[in-house]
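Q: Just so we're aligned, residue 126 is where the sequence shown starts under this note's numbering, counting upward by one. Got a structure for you, questions after.
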Amino acid sequence: MDYASRQQQFMEFYPAEPAFRWAQIERGFFNPKFSGWNDVLNLSKAMRQNLADNIPWISAKLSNLQKDKAGDVFKAALELADGQKIETVLMKNKRGQWSVCASSQAGCAMECGFCATGKMGLARNLTSDEIADQLRFWLYWLRENKTGAERVSNIVIMGMGEPLANYDNLKTALKTWLRYTDIGATHITVSTVGLLPQLEQLLNDQNWPPVRLAVSLHAVDQKLREQIIPSTAPDFFIKLADWAKRYFKKYGNRRHHLTFEYLLLQNINDRPQDAKLLADYVNKIGRVKINLIPYNKTSARLGRSADEQMEQFLAMLEKNGTVVTIRRSLGEDISAACGQLANKS
Ligand code: SAH
Numbered sequence: 126m127d128y129a130s131r132q133q134q135f136m137e138f139y140p141a142e143p144a145f146r147w148a149q150i151e152r153g154f155f156n157p158k159f160s161g162w163n164d165v166l167n168l169s170k171a172m173r174q175n176l177a178d179n180i181p182w183i184s185a186k187l188s189n190l191q192k193d194k195a196g197d198v199f200k201a202a203l204e205l206a207d208g209q210k211i212e213t214v215l216m217k218n219k220r221g222q223w224s225v226c227a228s229s230q231a232g233c234a235m236e237c238g239f240c241a242t243g244k245m246g247l248a249r250n251l252t253s254d255e256i257a258d259q260l261r262f263w264l265y266w267l268r269e270n271k272t273g274a275e276r277v278s279n280i281v282i283m284g285m286g287e288p289l290a291n292y293d294n295l296k297t298a299l300k301t302w303l304r305y306t307d308i309g310a311t312h313i314t315v316s317t318v319g320l321l322p323q324l325e326q327l328l329n330d331q332n333w334p335p336v337r338l339a340v341s342l343h344a345v346d347q348k349l350r351e352q353i354i355p356s357t358a359p360d361f362f363i364k365l366a367d368w369a370k371r372y373f374k375k376y377g378n379r380r381h382h383l384t385f386e387y388l389l390l391q392n393i394n395d396r397p398q399d400a401k402l403l404a405d406y407v408n409k410i411g412r413v414k415i416n417l418i419p420y421n422k423t424s425a426r427l428g429r430s431a432d433e434q435m436e437q438f439l440a441m442l443e444k445n446g447t448v449v450t451i452r453r454s455l456g457e458d459i460s461a462a463c464g465q466l467a468n469k470s
């Protein structure tokens, strides 16, 4: 079920207010000096009081916070109005910039065998507020903990859930961030399991924001992908290649670059010949970047490829002319890494 967003609640209280009123409020949500309704001085005192009594200033409250050994990764379990819990992660990169990893759903329906969130099943979609407020939560947190950091540089939608299965709310949240923060579209990445109807939808959507997209490929063989990603559609690779070509045709610039994520699973998809197949597939499409992901431990009986195996895989891809990077695993000791978010702290 979907919950009413704060904007919908506001409109119910004040149907006659001009549209800019809500924009003033949203600007206030992202004003680092504001901490509650009382700070939004464009509103009358009575209105501020009523809103403070009836609409939460932020849609999630902290339930548990963990910090990794290195002190670069923080994981927050947030409790939502109906008691659902989600997790969100804040990470510092080598250059000292902060990234937020946000969830799009409570749980996930995709049942990917290697992912801890997949084991939980789907509880519900997050509202646009609940998605957007994960960034606000960390901005407030950075401020209150006197980290010296004032801004978040990047957002990845790689937390719990399949973002494109919650298309409308995701889109609203993305647009909110783009409108009210200094984070640009090229610094936001939406990672999807590759839902073809929604990929098609965004291609035809005039209002889809120009954020980056990453598709979780994890295999280049239909049968293998069906085994590890049960949501795989028939003829997935043919259809995805066709879609990707049209995506590049429509957004023919670097801003819209596309990444294929490839999770390396020991003895499953990590042989040199798998790398060759991946390179051939990508080269047919053109301009797709490959991001290799080391496997982070979950309860599944799967192994991380040995460093040497990953190096060989990478070398094979490079030899075949693809652009490829390896993702640094962060926060594994607090189960904050990719695929480990499952509300178990
Ligand atoms: N539903 C989205 C977001 C998932 S999380 C998607 O499927 O893309 C972001 C990435 O982490 C995805 O590529 C996902 O497949 C990967 N992932 C999931 N479980 C993982 C694990 N145990 N170790 C490493 N990466 C994992």
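For each residue, glycine too, the CB sits at the ideal point set by N, CA and C.
Check whether the Cβ of Tyr-420 lies closer than 8 Å to any heavy atom of ligand 1, and answer yes or no.
A: yes
Q: With the cut-off set at 9 Å, would you say Ala-177 and Gly-153 are in Cβ contact?
A: no
Q: Touch check for the region 277-286 and the region 159-173: three-plus C-beta pairs under 8 Å?
A: no
Q: Specify the secondary structure class of Ala-201 as computed by DSSP and reduced to three states.
A: Note: Ala-201 maps to strand in three-state DSSP.
Q: Shortest alpha-carbon distance to Ala-257 belongs to which of Thr-297, Tyr-265, Lys-219, Asn-250?
A: Thr-297
Q: Just to confirm the assignment, what range does the beta strand (DSSP E) spanning Ile-451 have?
A: 448-451
Q: State the DSSP-derived secondary structure class of Ile-180, mapped to helix, strand or coil.
A: DSSP, read as helix, strand or coil, puts Ile-180 in coil.
Q: Out of Leu-466, Gln-352, Trp-368, which has the shortest C-alpha to C-alpha gap to Pro-322?
A: Trp-368
Q: Going by DSSP, which residues form a beta bridge with Phe-385?
A: Val-340, Ile-415
Q: Between the C-alpha atoms of Gly-464 and Phe-135, what's the straight-line distance to the nearest angstrom?
A: 36 Å
Q: Assuming Arg-268 and Ile-183 form a contact by the criterion Cβ under 8 Å, report the distance between their Cβ atoms to the nearest whole angstrom.
A: Wrong, their Cβ atoms sit about 13 Å apart, outside the cutoff.
Q: Within the same chain, show all residues whose beta-carbon is closer than 6 Å to that of Glu-236, passing over the 5 residues directly before and after it, in chain order.
A: Here the set comprises Gly-243, Pro-355.
Q: May I ask you to check if the CB of Gly-456 is nearer than 8 Å to at least one heavy atom of ligand 1?
A: no
Q: Are the beta-carbon atoms belonging to Ser-460 and Ala-195 less than 9 Å from one another?
A: no
Q: For Met-126, does the three-state DSSP call read helix, strand or coil?
A: Note that Met-126 has pLDDT 42, beneath the 50 cutoff, so the model's placement of it is unreliable and the number below is only indicative. Three-state result, Met-126: coil.
Q: Here's a check: name, in chain order, each residue in its chain whose Cβ is nearer than 8 Å to the Cβ of Lys-409, leaving out the five neighbours to either side.
A: Ala-366.
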